[in-house]
Amino acid sequence: MYEKGDSCGVCGGDGRISNAFGATKTCPGCSGSGRRGEDFGFRDVTKTKAAQGRGPAGATADREKDGKVFLSADGAKLAREVRDCTHLSDAAKAALMGEITQYEATHGGCTSTFQKKIRKRLRPGA
Ligand SMILES: [Zn+2]
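Start counting at 1 in the sequence shown, then tack on 4, and there's your number in the numbering used here.
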């Protein structure tokens, strides 16, 4: 959605302005982006984001709200099991944690299949 009104009103979209001596400098209105900034009232970032990445169980919304990776109840439980696992190295735990958060980020939660897969690797000698 680009309209004429999206250009910075100070520099007209160039991102630079000239002073009386003919030198150019970065536009103070848009910091050089050429786009109109925060004063543009109706820009609704939240709405756009929600439409892009809606996952099941509201996972995406929760993640965006506090800026952290969201863990579902299942994911949190799984993460606890990984953390409490006594025979895994810290590096192995970190790798598993990474897989869980990554999986949750893309799937919006942990499927039972995924939980089984992770738990299998928590067993001694797996
Ligand atoms: Zn500008």
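Heads up, the beta-carbon is just placed ideally off N, CA and C, and yes, glycines get one too.
Would a C-beta distance cut-off of 8 Å place residue i and residue j closer than the cut-off?
{"i": "R39", "j": "D78", "result": "no"}
{"i": "L82", "j": "I122", "result": "yes"}
{"i": "T22", "j": "T28", "result": "Residue 22 is actually Ser in this sequence, not Thr. Yes, they are a contact pair."}
{"i": "S37", "j": "G13", "result": "no"}
{"i": "C89", "j": "I104", "result": "no"}
{"i": "C15", "j": "G33", "result": "yes"}
So if DSSP puts residue i in a beta bridge, which residue, or which two residues, is it bridged to?
{"i": "S11", "result": "R39"}
{"i": "R20", "result": "T30"}
Consult DSSP for residue i and reduce its assignment to one of helix, strand or coil.
{"i": "L75", "result": "coil"}
{"i": "Q56", "result": "For Q56, the predicted structure reports a pLDDT of 46, less than 50, and the residue's modelled location is therefore unreliable. A value from the coordinates is still provided. Looking at Q56 - three-state DSSP - the assignment turns out to be helix."}
What whole-angstrom Cβ distance do residue i and residue j have, given they're in contact under 8 Å?
{"i": "R125", "j": "L100", "result": "7 Å"}
| query | Which parts of the segment 88-130 are runs of the alpha helix (DSSP H), unbroken and 4 residues or longer, counting only runs that do not cross its ends? | reply | 94-111, 116-126
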